[in-house]
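Let me begin by presenting the structure, written as structure tokens, before commenting on it.
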Amino acid sequence: MDFSVDERGYYGKFGGAYIPEMLYPNVEELRQKYLDIIYEPSFQEELDELLRDYVGRPTPLYYAKRLSEKFNAKIYLKREDLAHTGAHKINNTVGQILLAKRLGKKRIIAETGAGQHGVATATVCALAGLECIVYMGQIDTERQKPNVARMKLLGAKVVPVTSGSQTLKDATNEAIRDWISNPEDTHYIIGSVVGPHPYPDMVARFQAVISAEVRQQLLYKEGTEFPNYVVACVGGGSNAAGAFYHYLNEPAVNLVAVEAAGHGVNSGLSAATSVLGSLGIIHGSKTLLMQTEDGQIVEPHSISAGLDYPGIGPMHAHLYDSGRAKFYAITDEEAMQGVVLCSRMEGIIPAIESAHAIAALHYMQLKSDDVVVLNLSGRGDKDLQTIINYLDEHDGQ
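Structure below.
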């Protein structure tokens, strides 16, 4: 089975472009031009230069000695937290801002949950000198205040969204409405592998630099390009898409996707889409999403704003449906314990999103010669107040 996207934008039965007629010209322009543009030699040359000199790639592949001893396996952390702006999101926004310039766009819009994509978008807009508007759920603006401040400092206009659950789903709705109203001069930089085709494929291609580097770095460190496991957290799924991309059709490499179970998968406060979701359409693509029997979206919950989304990208839906990837669901409590574990054993404070992947190591049946690559998608500075509150509630433990 091939796990890559087909020419119609489908991963198996998931994907496609289910959009209102008013959005068709915007999406169709992208679909017709994106591959030709991003594989132009001049585009690739400019992208490579920015990834190297501005983003700071390649990011290290760090052997986590103490975590390896604890879990009795060779554990490597792919340090996307060390990329400029503190997360993997910048890989995609650098690519899309170059694309937007070649399409002649003057205005950029984006949505954000944890704020990492918003900061990455504001950063590349400042770099390119383009207007930037970022939609963000009101609740997320409160729990991610440092990132809101960073976006404003970078010159972006942050628009709090007060509809629905006031989180990522609603921010995405507002960004789509903006794009429909401004079809000529605006490019919508989607931050994850969601949305209508070609977005899931385009974002995955820009994030694929992660697994391309892992293959080279692992060859140097272990004498093989192929780990036994690649582990990554999944909300929409962009960091996982990048970490999995060059291993999708390598069946010897086990792919492990980690979702947010919130207060517990069946608690009613969860974002474990692979368990709770069913086939449906959200934000322009057919995928797995949490919904009622009559198709109303079930509000998700996660302590991590970046995983607080009621669906997963179509690539991940296909990986789950086909059994190519194994999915775990990690609770808020387990994720916070993962933050503490990584901080105190490796001196690295991970984003709460990434800590879900760390916590999943407890559930994997690892052998001493297994090589595990865990994508550390972002740093935990933005989550510091949430972490402080957690430690206060647990007497600093």
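In UniProt numbering, the protein residues as written are 1 to 397. All residues carry an ideal CB built from backbone N, CA and C; glycine is no exception.
Taking its Cβ as the centre, do 16 or more other Cβ atoms sit within 10 Å of residue i, making it buried, or is it exposed?
| i | result |
| --- | --- |
| I388 | exposed |
| M336 | buried |
| S278 | exposed |
| M22 | exposed |
| R205 | buried |
| T386 | buried |
| L153 | exposed |
| Y309 | buried |
| R52 | exposed |
| P227 | buried |
| R162 | The residue you asked about is not Arg; residue 162 is Thr in the sequence shown. By the neighbour-count rule (16 or more Cβ atoms within 10 Å), T162 is not buried but exposed. |
| A252 | exposed |
| E213 | buried |
| P314 | buried |
| A149 | exposed |
| Y10 | buried |
| H394 | exposed |
| P25 | exposed |
| P20 | exposed |
| E293 | exposed |
| N266 | exposed |
| D332 | buried |
| Y39 | exposed |
| G104 | exposed |
| Y220 | exposed |
| E184 | exposed |
Counting only the same chain and skipping the five closest in sequence on each side, list residues whose C-beta sits under 7 Å from that of residue i.
| i | result |
| --- | --- |
| E334 | A359 |
| P60 | R79, L82 |
| S322 | M1, G12 |
| D370 | A73, K74, N228, Y229 |
| P160 | M136, Q138, T141 |
| R215 | E225, H246 |
| V124 | T93, V94, I97 |
Return the chain-ordered list of same chain residues with a C-beta closer than 6 Å to the C-beta of residue i, the five sequence neighbours on each side being excluded.
| i | result |
| --- | --- |
| A355 | A335, G338, V339 |
| V209 | N91 |
| L269 | G262, H263, H301 |
| N147 | G115, V119, K382 |
| R102 | I37 |
| S165 | E299 |
| G129 | none |
| S68 | K74, I75 |
| L276 | M290 |
| Y63 | Y76 |
| L361 | F71 |
| Y363 | Y328 |
Residue i and residue j look like a contact to me (Cβ under 8 Å); what is the Cβ gap, rounded to whole Å?
| i | j | result |
| --- | --- | --- |
| E111 | A175 | 4 Å |
| G113 | G237 | Contact doesn't hold; Cβ gap of about 13 Å is too wide. |
| E170 | G137 | This sequence places Asp at residue 170; Glu is not what is there. D170 to G137, Cβ: 5 Å. Contact. |
| L288 | S274 | 7 Å |
| V193 | G311 | Rounded, the Cβ-Cβ distance is 11 Å, inconsistent with contact. |
| I97 | T186 | The Cβ separation is near 13 Å, so there is no contact. |
| E353 | G235 | 7 Å |
| G378 | G86 | 6 Å |
| N182 | R107 | 7 Å |
| A17 | P196 | 4 Å |
| A272 | A260 | 7 Å |
Helix, strand or coil for residue i, going by three-state DSSP, please let me know.
| i | result |
| --- | --- |
| Q291 | strand |
| K13 | coil |
| Y39 | coil |
| M22 | helix |
| G262 | strand |
| L61 | strand |
| R8 | coil |
| S270 | coil |
| N389 | helix |
| L376 | strand |
| N254 | strand |
| L51 | helix |
| V234 | coil |
| L279 | strand |
| S285 | strand |
| L77 | strand |
| G56 | coil |
| G86 | coil |
| G129 | coil |
Ignore the nearest five residues each way along the sequence and tell me which others in residue i's own chain have a CB closer than 8 Å to its CB.
| i | result |
| --- | --- |
| S211 | V230, G242, A243, F244, Y245, H246, Y247 |
| N249 | D2, F3, S4 |
What are the start and end residues of each continuous beta strand (DSSP E) run of 3 or more residues lying completely inside the region 88 to 115, in chain order?
107 to 112
Mind pulling the alpha helix (DSSP H) runs of 4 or more residues that sit fully within the region 146 to 224?
168 to 181, 199 to 207, 209 to 222
Output the residue ranges of the alpha helix (DSSP H) runs that lie fully inside the region 288 to 366 and measure 4 residues or longer, sorted by chain position.
314 to 322, 332 to 346, 352 to 360
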